[in-house]
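Student:
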Amino acid sequence: LDELLRMEASAEHGKLCSCSRDVAATIRCLECHPDRLQCAQCALESHSSLPLHRTERWQDNHFVAAPLIDFGLMYHLSHDGARCPSWKDGDKNPDGHIIQVAHVNGFHAVRIGFCRCLNAPSHATQLLRMRMFPGTLSKPRTAYTISLLVTFHTLTRESNLNTYDYAKALARFTDQYSPYDIKTRYDNFRIVVRFWRDLQMKLRSGQHVGLLAELPPVHQGSIALLCPACPQPDANATSSSDGAPGSDNHQRTLYLSMDANFRAQQKDKTNDPADFHLHPGGAYFREDSAFREYLAAVGDEHEVCCTTACASTCSGFKALNVLRAGRYKNTLVSGILSVMCARHSFFRPNGTVDLQKGERYTHADYALAGALAG
Numbered sequence: 002l003d004e005l006l007r008m009e010a011s012a013e014h015g016k017l018c019s020c021s022r023d024v025a026a027t028i029r030c031l032e033c034h035p036d037r038l039q040c041a042q043c044a045l046e047s048h049s050s051l052p053l054h055r056t057e058r059w060q061d062n063h064f065v066a067a068p069l070i071d072f073g074l075m076y077h078l079s080h081d082g083a084r085c086p087s088w089k090d091g092d093k094n095p096d097g098h099i100i101q102v103a104h105v106n107g108f109h110a111v112r113i114g115f116c117r118c119l120n121a122p123s124h125a126t127q128l129l130r131m132r133m134f135p136g137t138l139s140k141p142r143t144a145y146t147i148s149l150l151v152t153f154h155t156l157t158r159e160s161n162l163n164t165y166d167y168a169k170a171l172a173r174f175t176d177q178y179s180p181y182d183i184k185t186r187y188d189n190f191r192i193v194v195r196f197w198r199d200l201q202m203k204l205r206s207g208q209h210v211g212l213l214a215e216l217p218p219v220h221q222g223s224i225a226l227l228c229p230a231c232p233q234p235d236a237n238a239t240s241s242s243d244g245a246p247g248s249d250n251h252q253r254t255l256y257l258s259m260d261a262n263f264r265a266q267q268k269d270k271t272n273d274p275a276d277f278h279l280h281p282g283g284a285y286f287r288e289d290s291a292f293r294e295y296l297a298a299v300g301d302e303h304e305v306c307c308t309t310a311c312a313s314t315c316s317g318f319k320a321l322n323v324l325r326a327g328r329y330k331n332t333l334v335s336g337i338l339s340v341m342c343a344r345h346s347f348f349r350p351n352g353t354v355d356l357q358k359g360e361r362y363t364h365a366d367y368a369l370a371g372a373l374a375g
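For the sequence shown, this note's numbering assigns the number 2 to the initial residue and increments by one for each residue that follows.
1. Between the Cα of Leu255 and those of Ile183, Pro122 and Arg349, spot the shortest distance and give me the residue it belongs to.
2. So what's Val24 in DSSP terms, helix, strand or just coil?
3. So the candidates are Ala230, Ala41 and Leu279; which of them puts its Cα closest to the Cα of Phe347?
4. Work out the CA separation of Ser123 and Gly336 for me, nearest whole Å.
5. I'd like the list of long-range same chain contacts for Met133, defined as Cβ closer than 8 Å, with 5 residues on each side in sequence excluded.
6. Using CA coordinates, which residue listed in Thr137, Ala374, Leu356 and Asp355 is at the minimum distance from Phe196?
7. Could you check if Val305 is buried or exposed, using at least 16 other CB atoms within 10 Å of its CB as the buried criterion?
8. How many angstroms separate the CA atom of Asn250 from the CA atom of Thr239?
9. According to DSSP, is Met202 part of a helix, a strand, or is it coil?
10. Quick test of your reading: Ala168 and Phe190, contact by CB under 8 Å. State the CB separation rounded to the nearest angstrom.
11. How about Leu378 and Asp235: do their beta carbons lie closer than 8 Å?
12. Residue range of the beta strand (DSSP E) that Cys342 falls in?
13. Terminal residues of the continuous beta strand (DSSP E) containing Gln101?
14. By the 10 Å Cβ neighbour count, where 16 or more other Cβ atoms means buried, how is Asp166 classified, buried or exposed?
15. What is the residue span of the alpha helix (DSSP H) that Glu46 lies within?
16. Thinking C-alpha only, which one of Arg55, Asp23, Ser206 and Ser139 is nearest Pro35?
17. On the premise that Leu369 lies in contact with Val340, defined as a C-beta separation below 8 Å, what is that separation, rounded to the nearest angstrom?
18. In terms of residues, what are the limits of the beta strand (DSSP E) holding Tyr76?
19. Report the rounded CA-to-CA distance for Pro86 versus Glu294, giving the unit in angstroms.
20. If Cys43 and His80 are in contact, beta carbons under 8 Å, what's the gap, nearest whole angstrom?
21. Just how far apart, CA to CA, sit Ser11 and Phe72?
22. Specify the secondary structure class of Val305 as computed by DSSP and reduced to three states.
23. So, is Gly15 buried or exposed, given that buried needs 16 or more other C-beta atoms within 10 angstroms?
24. Quick check on Thr309: buried or exposed, where buried means 16 or more other Cβ atoms within 10 Å of its Cβ?
25. If you draw a straight line from the alpha carbon of Pro281 to that of Ser223, how long is it in whole angstroms?
26. Helix, strand or coil, according to DSSP, for Lys268 in the structure here?
27. Taking the C-alpha atoms as reference points, what is the distance between Thr157 and Asn163?
28. Can you find the residues in the same chain that come closer than 6 Å, C-beta to C-beta, to Gly107, ignoring five residues on each side of it along the sequence?
29. Can you give me the C-alpha to C-alpha distance between Ile100 and Glu215, rounded to a whole angstrom?
30. Straight-line CA distance for Lys330 to His77?
31. Taking a contact to mean a Cβ-Cβ separation below 8 Å, would you say Cys33 touches Ala25 in this structure?
32. Just how far apart, CA to CA, sit Leu128 and Pro135?
33. Can you tell me which of the three DSSP states Ser19 falls into?
34. Give the C-beta separation of Gln233 and Leu226 to the nearest angstrom, bearing in mind that I take them to be a contact with Cβ-Cβ under 8 Å.
35. So is Gln252 buried or exposed if we call it buried at 16+ other beta carbons inside 10 Å?
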């Protein structure tokens, strides 16, 4: 307890800074050396390339938050951290652009000095080269560090953390006692996360470097990951053997399984009209418009097979019970159905469809056809 209490103060407060300026050392950095106090100018110089560190000032016998931007820090992009030589007195925005940057330790207001050379890349590109993902491509005023996006993606996979709760946590990191409204930041953050995940899928697929051209034509339009162990014709498997006794047909056989998840529902609520899919039909789900045309063509399955219109008479067989009205009231999608390789549990490209009112053969057939086609 004594050591924890010691963190709230400093034995060096009131002393002069170790520099030659003859001023009191009142600033500490929580990321660098929490026990070391500096004057404002020394803190500014030591953090010229560390704008996302949290600093505090000793004031009225306690430490208070003192962002680096309050000391006049400007973070220059390009030119190895030096001010762009193309900057001139009287230029527009002589003090740079203030951008809200989200990092793993909270939100930061950072004064950015962009490169103004004639051949300088866009502001969004300059931010990306400094490992900051811009909130928009045109005149970005928000950015998210790559470390933040990687951390959130890992937490999402391991603990199902959602974007809203993570944004609230960042607000608490920024100000534990008076967290501000995060509505605007949350909306932008969830959009950035979607684009980030889409870009990561495309990077892993090798699409940008031309790797898809080396795959069989049936897989060239997909960014989904193929199972590396299952046989893929013209990729890791040659033509099948003649089926004679003792042949290796079992090694060339693709075993598939199919299952539904009725927890992945979509409620019937107001949706954003500007929302759209980033790669329709290019990964695991079938393309939506073609799927709806197929459902309209086959009609209601009740008309195809009258047995599904009646509730199941078997007390132990509950799969057909989901067709009963009321179980999925006010839902647009009652679940999803996916096809995967039975041996290694890799989801098949174009092998997943939305369900309406439970499992139906029409949906299963369409998912299986897409999985077999790749």
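We treat Cβ as the ideally placed atom computed from N, Cα and C, and that holds for glycine.
Tutor: On the basis of the data shown:
1. By alpha-carbon distance to Leu255, the top candidate from Ile183, Pro122 and Arg349 is Arg349.
2. It is coil, neither helix nor strand.
3. Considering only Ala230, Ala41 and Leu279, the residue with the shortest C-alpha distance to Phe347 is Ala230.
4. Gly336 and Ser123 have their C-alpha atoms roughly 43 Å apart.
5. Val102, Ala144, Tyr145, Thr146 and Ile147, listed in sequence order.
6. That would be Thr137, whose Cα lies nearest to the Cα of Phe196.
7. Here Val305 scores only 40 on pLDDT, less than 50, and its place in the model should not be relied on; the value that follows carries that caveat. Exposed: under 16 other Cβ atoms inside 10 Å.
8. The C-alpha of Thr239 is placed about 11 Å away from the C-alpha of Asn250.
9. The answer is helix: DSSP assigns Met202 an H, G or I state.
10. Yes, Ala168 and Phe190 are in contact; Cβ-Cβ is about 5 Å, under 8 Å.
11. As shown, the chain starts at 2 and ends at 375. That puts residue 378 outside it, with no answer to give.
12. Cys342 -> beta strand (DSSP E) spans Gly336 to Cys342.
13. If you look at Gln101, you'll find it in the beta strand (DSSP E) that goes His98 to His104.
14. Exposed, by the Cβ-count rule.
15. First-last of the alpha helix (DSSP H) with Glu46: Ala41 to Ser47.
16. The shortest C-alpha to C-alpha distance from Pro35 to any of Arg55, Asp23, Ser206 and Ser139 is the one to Arg55.
17. The pair is a contact, with the Cβ atoms about 6 Å apart (cut-off 8 Å).
18. Start and end: Met75 to His77.
19. Straight-line Cα distance between these residues: approximately 59 Å.
20. Not a contact, Cβ separation roughly 23 Å.
21. The alpha-carbon atoms of Ser11 and Phe72 are separated by roughly 21 Å.
22. Since pLDDT at Val305 reaches only 40, below the 50 mark, its modelled position is unreliable, and no value is offered.
23. Gly15 is exposed by the Cβ-count criterion.
24. Low confidence applies here, because Thr309 scores a pLDDT of 45, under 50, leaving its location unreliable; read the following figure in that light. If you draw a 10 Å sphere on the C-beta of Thr309, you find 16 or more other C-beta atoms in it, and that means buried.
25. Between Pro281 and Ser223, the C-alpha separation is close to 10 Å.
26. In this structure, DSSP gives Lys268 an extended state, which the three-state scheme calls strand.
27. Distance between the alpha carbons of Thr157 and Asn163: 7 Å.
28. Counting only Cβ-Cβ distances below 6 Å, and skipping sequence neighbours, we find Leu171, Phe174 and Thr175.
29. About 42 Å.
30. C-alpha separation (whole angstroms): 55 Å.
31. No, these two residues do not count as a Cβ contact at 8 Å.
32. Spanning the alpha carbons of Leu128 and Pro135 requires a straight line of approximately 7 Å.
33. The DSSP-derived three-state label of Ser19 is coil.
34. Incorrect: roughly 12 Å between the Cβ atoms, too far for contact.
35. By the neighbour-count criterion, in which 16 or more other beta carbons inside 10 Å mark a residue as buried, Gln252 falls on the exposed side.
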